[in-house]
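Everything in the sequence shown is counted per numbering that gives the first Met the number 0, starting at 0 for the first residue and increasing by one. Below is one structure; the comments refer to it alone.
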Amino acid sequence: MALLGKAALAMWWDMAAPAREDFEHWHAHEHFPERLGIPGFRRASRWRSADGGAGVFVLYELEDHGVLSSAAYLARLNAPTAWSTRLMPEHREMVRSQCRVLESRGGSMAGHALAVRLSPAPGHEDRLRSALRGLAAEACVQPGLAGLHLLRHETPDIAQTAEQKLRGLNDRYADWVLLACGYDAVALAALSDGPLADARLTALGAAPGTQRNLYQLAYSALPGDVADAVL
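Below is the structure:
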């Protein structure tokens, strides 16, 4: 099954060990229910760094890109709860990409994920997208793999929000996001070192400076899973 919608919010940050237990409790039992109660939010997933480090990856699958500038979403961003207010400053090195889905093949929920942050070289957008579309069709049926999805950041025309201010207004974004999901971490590592290696991506039309990380699924939810949650 492809991503659940035409848009996605992809985020990365570091969460230091002293705050992690509180963060995970908040994220699962307050923040996800809050976000999934907003019209257009179709699924939420949180992933932890596969190497046991401080890295966190979160993906929200959205009905369309307009959800990111909707009144309901902005109301939440500008009225953080007391728990959110306490934890937002703990989100370090935030990368927040507000994306349109360019390509989506296979599943997005599996035990493991490879998230690649990249940009097309000038003038090579179409060539890179076409190459990754073909790769997605091949990869999602390989042993150990389940799906591959390509996202492109597009900043909504909205003002800075209260949550951004709590984080220090230092959010960055990834231009394109390539997300590969699978049930075998070794297969994802081989994909990263082979077809998605930096040199291969550059040959396909990517600009230098690609970044990548491997993750393990920590938690995912659909709106119906948290409909009765008490915030």
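We put the beta carbon where it would ideally sit given N, CA and C, even for glycine. All values derive from a computational prediction rather than experimental measurement.
Looking at A188, A7 and R85, the one whose alpha-carbon comes closest to that of L150 is A7. In its chain, beyond the 5 residues on either side, T160 and A161 have a beta carbon closer than 7 Å to the beta carbon of N77.
For Y59, DSSP records a beta bridge to L8 and A43. Between V176 and L35 the beta-carbon gap is near 21 Å, outside 8 Å, which marks them as no contact. Of all C-beta pairs linking the region 120 to 140 to the region 95 to 103, three or more are shorter than 8 Å, placing the two stretches in contact. Boundaries of the beta strand (DSSP E) around E102: R91 to G105. Look at P79 here: in three-state DSSP terms it is coil, with no helix or strand label. Secondary structure note for H24: its alpha helix (DSSP H) is the uninterrupted segment A16 to W25. In this structure, the alpha-carbon of L73 lies about 13 Å from that of H64.
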